[in-house]
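Working notes for the structure below.
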Amino acid sequence: MTPAQAIRDAAIAAAVAFGLFVMLVGLRTDVGPEGGLILRQRWGQVALLCGIVFAGRLAITTLAGRRALQPSTAPGPWTARLQRAGKLLAPALLAVALVLPAIPGIGRYELDIGILVLTYIMLGWGLNIVVGLAGLLDLGYVAFYAIGAYSYALLAQYFGLSFWICLPLAGILAAFWGVLLGFPVLRLRGDYLAIVTLAFGEIIRVVLLNWTELTNGPNGISGIPRPSFFGLPFSMAGGEGTFAGFFGIEPSPSHRVIFLYYVIFALALLTNWVTLRLRRQPLGRAWEALREDEIACRALGINITTTKLTAFALGAMFGGFAGAFFATRQAFISPESFTFIESAIILAIVVLGGLGSQVGVAIAALVMIGGFEVFRGLDEWRMLVFGGAMVVIMVLRPRGLVGTRTPSIALGEKRAIGGDLVGEGRG
Amino acid sequence: MAYALQQLINGISLGMIYGLIAVGYTMVYGIIGMINFAHGDVFMIGAFIALITVLLLQLGGMMDGPAAILLVLLVSMAFTALYGWSVERVAYRPLRGSFRLAPLISAIGISIVLQNYVQVSQGARVKPIGTLVPGGVEVMRDGPFVVQFSYIQMLIIAVTLGVLAVFTILVTRTPLGRAMRACEQDSKMASLLGIDTDRTISLTFVIGAALAAVAGTLYMIRYGVIDFYIGFLAGVKAFTAAVLGGIGSLPGAVLGGLLIGLIETFWSAYFSAQYKDVAAFSILVVTLIFLPTGLLGRQEVEKV
């Protein structure tokens, strides 16, 4: 591209940008002193944005050439390097996660972010069973998260049950709802499945919001009990029968945070371990076969109904566990925490990480959620950057950050294959 | 009886708005097989541009009569179409031919971007504009209850029918419509036969966004208050309508929109307004159990 062409190209981009921004940025509507709407003009900002677009477009076309914006599905040099490092990356991440609370300079704030990231990693791994392994597109995963959270909160509120009894119950209840969702959608494929799961998530949220007698509606449930350490509660008062008193250490609020961190760490590892084990067993192979080709699956005598239902149930169960943990960590839940955007973020983590790749999901959760917390200072711009990052990552790497997969079974030596060789499922 | 008639009028005018948005979903789905999650937010952008245009006209003292409303519609359609085009160009075209979930995530990202872009640029507070088209016609009187057919509702129904008529002619009678239908059936074959598929897809997005802008403008005039978040719920409802009608089917989208509008209105009128969304979604689920490809959708024959 000659410089003249590049400038013309950038000028067109700037003209389009002007068309986009002239109304919505150039004129701001505000409620005026008399209650009516008034317009404020901001032409400087429009000019600034158009200038940025012009310069950015020019820089991209001249420096990198147009190819830079082409997506790559084939494993490039970047992937190969990552793959080599990948063997070390997973154990390294695990080791860092294991000793995180002991690293100097890691305070309560950092641990809280760690807990948040681990929660999303766990949710990502749970959804990965449904989307990545079985190839069923689920846009309402947050419903199971909500069911888990409300199961624990309500059981604790009405029956006074402890966290450790409710944790399995929350998982079982969520799995039950997973099966309940699974039945009507057995025959649906592709986007029909997507909208029904989305509708399911919204139905659960609306019911939680409006069934005020049971769930306290939009005000949520507060005072959810915290988990105990083998029957020893965490208390600032210390003394006999508390965690600090039993071990004879100074009571500190960080004990509970560290404990919660290890609880979610263990839960996430459990999810990962179950997934990895199941992939080698007939059930897991049936899931992957279903993702690759449903008709071939049927022809080979695999029971599609049970295969799909178990995928929904297991995915939902881990969502339920994560939900119960969320409830006990926050001590307060309301339907506001379980909106569609949460489902979208979890799905984005799974897809951005590379469908079916366990390490990829962990990295994606770390990047998206960790990055989101790091940019807390950006305030209202944060979600804008977040959404933009989703688009950019997807456009540049449609197959996710980790572009290779290790097949579950192989003849002879297992070799990593490109992500584009793996089916995506039509369910 | 009078009450039911009033609800029927309300339901149809609401359903028309859903139908207009649903057509955009179904067109995009038919032609490239992806859920354009950002479509609801394009609708919201359309409503905002219409709002700003109305304010500009009011400043100039020209916000008066049908010509002004037509002008607002056209301005909103033009600018929103540019948004539709840009979104396709930036976020979807690079992913053409890629695997199915990539454009979906990209679309969710765009949806987040558009919502927060409007929140940042226009503020998070709701924008009350007040009544632009007051009055109506009394259709029937049953004791103290008066059935009103307001001018706004007439406007919504007339504009929607007009736009849909133009749109139908566009799809069935023009070379562009033929190209669109060809791409929908088999885009590779269409490109072999000399159809510029990229251009056709771009124009599909432009038309879809323009229809969403009409819906946004009508919504803004009807309810008189908008905020940056209206796109999500309207988008989900319209998407539900498109799926209910059979995604990929244009008459199905309008039918689905009308049905969702009527279900919602009647449910709120006779049962509870809080659970109207649950009612709409439940009907969708029940319909799909018996008709897995929607009301007017084609049964897909899968060849091995």
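So the protein sequences, as listed, match chains A and B. Under the numbering used here, the first residue of the first sequence carries the number 795, and numbering increases by one thereafter. Under the numbering used here, the first residue of the second sequence carries the number 187, and numbering increases by one thereafter. In this text, a Cβ means the ideal position worked out from N, Cα and C, and glycines have one as well. Only a predicted model underlies this, so the values are computations on that prediction, with no experimental measurement involved.
Beta-carbon gap between residue i and residue j smaller than 7 Å
| i | j | result |
| --- | --- | --- |
| B:Leu441 | B:Leu206 | no |
| A:Ile1177 | A:Ala969 | Checking the displayed sequence, the identity of residue 1177 of chain A turns out to be Met instead of Ile. No, Cβ-Cβ distance for A:Met1177 and A:Ala969 is not below 7 Å. |
| B:Phe223 | B:Ala293 | yes |
| A:Ala1107 | A:Val973 | yes |
| B:Leu259 | B:Thr403 | yes |
| B:Val471 | A:Pro978 | yes |
| A:Trp837 | A:Gly826 | no |
| B:Met366 | B:Leu237 | no |
| B:Tyr135 | B:Val228 | Residue 135 of chain B lies beyond the residue range present for chain B, which begins at 187 and ends at 490; the question has no answer from this structure. |
| B:Arg394 | B:Val261 | Contrary to the premise, residue 394 of chain B reads as Gly rather than Arg in this sequence. No, Cβ-Cβ distance for B:Gly394 and B:Val261 is not below 7 Å. |
| B:Leu482 | B:Gly431 | yes |
| A:Ala1062 | A:Met916 | yes |
| A:Leu931 | A:Ala853 | no |
| A:Val1196 | A:Gly1164 | no |
| A:Val1189 | B:Pro280 | yes |
| A:Gly1114 | A:Phe938 | yes |
Buried or exposed by the 16-neighbour rule on C-beta atoms within 10 Å, applied to residue i
| i | result |
| --- | --- |
| A:Glu1130 | exposed |
| A:Pro869 | At A:Pro869, the pLDDT of 49 sits below 50, so the modelled position is not reliable and the matter cannot be decided from this model. |
| A:Gln799 | exposed |
| A:Ala1031 | exposed |
| B:Ala190 | exposed |
| B:Ile374 | Ile is not the amino acid found at residue 374 of chain B; the sequence shown has Lys there. Classification of B:Lys374: exposed, given that the 10 Å Cβ count is below 16. |
| B:Met248 | exposed |
| A:Asp1226 | Any property of residue 1226 of chain A remains undetermined from this structure, which presents chain A solely from 795 to 1221. |
| B:Ile218 | buried |
| B:Gly443 | buried |
| A:Ala940 | buried |
| A:Thr796 | exposed |
| A:Gly934 | buried |
| B:Asn196 | buried |
| A:Ile1203 | exposed |
| A:Phe815 | buried |
| A:Glu828 | exposed |
| A:Asn922 | buried |
| B:Asn302 | buried |
| B:Asp463 | buried |
| B:Tyr204 | buried |
| B:Gln520 | Because chain B spans 187 through 490 in this model, residue 520 of chain B falls outside it and cannot be assessed. |
| A:Pro1192 | buried |
Neighbour list for residue i in chain A, Cβ cutoff strictly below 9 Å
| i | result |
| --- | --- |
| B:Asn222 | The contacting residues do not exist; B:Asn222 stays about 11 Å from chain A at best. |
| B:Gln305 | Glu1174, Met1177, Leu1178 |
| B:Phe229 | Chain A residues near B:Phe229: none, gap ~14 Å exceeds 9 Å. |
| B:Pro132 | Nothing can be reported for residue 132 of chain B: it is not among the residues displayed for chain B, which extend from 187 to 490. |
| B:Ala277 | Val1185, Met1188, Val1189 |
Partner residues on chain A for residue i, Cβ-Cβ distance less than 8 Å
| i | result |
| --- | --- |
| B:Thr383 | Here the premise fails: no neighbours, minimum Cβ distance about 18 Å. |
| B:Tyr215 | Asp985 |
| B:Ile207 | Residues of chain A passing the Cβ test: none, with the nearest at roughly 14 Å. |
| B:Leu281 | Pro865, Met1188, Val1189, Pro1192 |
Within chain B, partners of residue i - CB distance below 7 Å
| i | result |
| --- | --- |
| A:Asn1004 | Gln460, Tyr461 |
| A:Thr1227 | Look at the range of chain A in this structure, 795 to 1221, and you will see that residue 1227 of chain A is not part of it. |
| A:Ala988 | Ile221 |
| A:Ala1241 | This structure cannot settle anything about residue 1241 of chain A, because the visible part of chain A is limited to 795 through 1221. |
| A:Val847 | Under the 7 Å cutoff, chain B gives no residues; its nearest Cβ is about 11 Å from A:Val847. |
| A:Met817 | Ile235, Ile238, Phe265 |
Proximal chain A residues relative to residue i, where beta-carbon distance stays under 7 Å
| i | result |
| --- | --- |
| B:Pro320 | In chain order: nothing, as chain A lies at least about 16 Å away. |
| B:Ile393 | Near B:Ile393 there are no residues of chain A at all, since even the closest Cβ is about 17 Å away, more than 7 Å. |
| B:Val471 | Pro978, Val990, Ala993 |
| B:Thr426 | Ile989, Ala993 |
Those residues which DSSP pairs with residue i across a bridge
| i | result |
| --- | --- |
| A:Ile1135 | According to DSSP, A:Ile1135 bridges with nothing at all. |
| B:Met326 | B:Val333 |
| A:Gln835 | A:Leu821 |
| A:Leu1026 | A:Phe1023 |
| B:Gly216 | Beta-bridge pairing links B:Gly216 to no other residue. |
| B:Val411 | B:Pro314 |
| A:Arg1199 | A:Ile1211 |
| A:Val1126 | At residue 1126 of chain A the sequence reads Phe, which differs from the Val that was named. DSSP lists A:Ser1016 as partners of A:Phe1126. |
Proximal chain B residues relative to residue i, where beta-carbon distance stays under 9 Å
| i | result |
| --- | --- |
| A:Arg1193 | Ser284, Phe285, Ala288 |
Proximal chain B residues relative to residue i, where beta-carbon distance stays under 8 Å
| i | result |
| --- | --- |
| A:Met1184 | Ile291, Ser292, Ile294, Gly295, Ile298 |
Residues of the segment 331-355 of chain B with Cβ closer than 9 Å to any Cβ of chain A, in chain order
none
Just by C-beta distance, which residues in the segment 437-462 of chain B are closer than 7 Å to chain A?
Gln460, Tyr461
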